[in-house]
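So the mapping is simple: my numbering equals the position in the sequence shown, first residue as 1, plus 15.
Worksheet: one structure, shown below.
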Amino acid sequence: MSWCVVVVVVSDDQTFLATFAEWSLKGRLLVWSTRLLVVTRLPREDLVIILSSLRTFSMTNAMMLNAEQSSHSLRFEITDISRHA
16 MSWCVVVVVV
26 SDDQTFLATF
36 AEWSLKGRLL
46 VWSTRLLVVT
56 RLPREDLVII
66 LSSLRTFSMT
76 NAMMLNAEQS
86 SHSLRFEITD
96 ISRHA
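This is how it looks when you write it as structure tokens:
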């Protein structure tokens, strides 16, 4: 039997994302076979800070979906977190 675990984290809070990364690493929640999707509306500059400071996200099979809303539209950007290691 094969298991496929997908973890979806939805947050706009940098502190929560950092804490989640730390505790998921300590608790071995995230391993390479675990798929992680982080959904957020944080500004791109903040995402770069998170990705560069938290190796947990770059060591896993993870993607980040960033929803940016302007006055006229909603734009989504998908980032392969492992490329920011």
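We treat Cβ as the ideally placed atom computed from N, Cα and C, and that holds for glycine.
The three-state reading of DSSP puts LEU57 in coil, since its state is none of H, G, I, E or B.
In the DSSP assignment, the residues bridged to VAL21 are ARG50. Collapsing the DSSP output to three states places LEU45 in coil. Bridge partners of PHE91 according to DSSP: ALA82. Put simply, of ILE93, ALA77 and GLU83 the residue whose alpha carbon is nearest the alpha carbon of VAL21 is ALA77. Rounded to whole angstroms, the separation of the alpha carbons of SER48 and VAL63 is 24 Å.
LEU32 has its alpha-carbon roughly 11 Å from the corresponding atom of LEU57. Closest by C-alpha distance to THR75, out of ASP27, TRP18 and ALA36, is ALA36.
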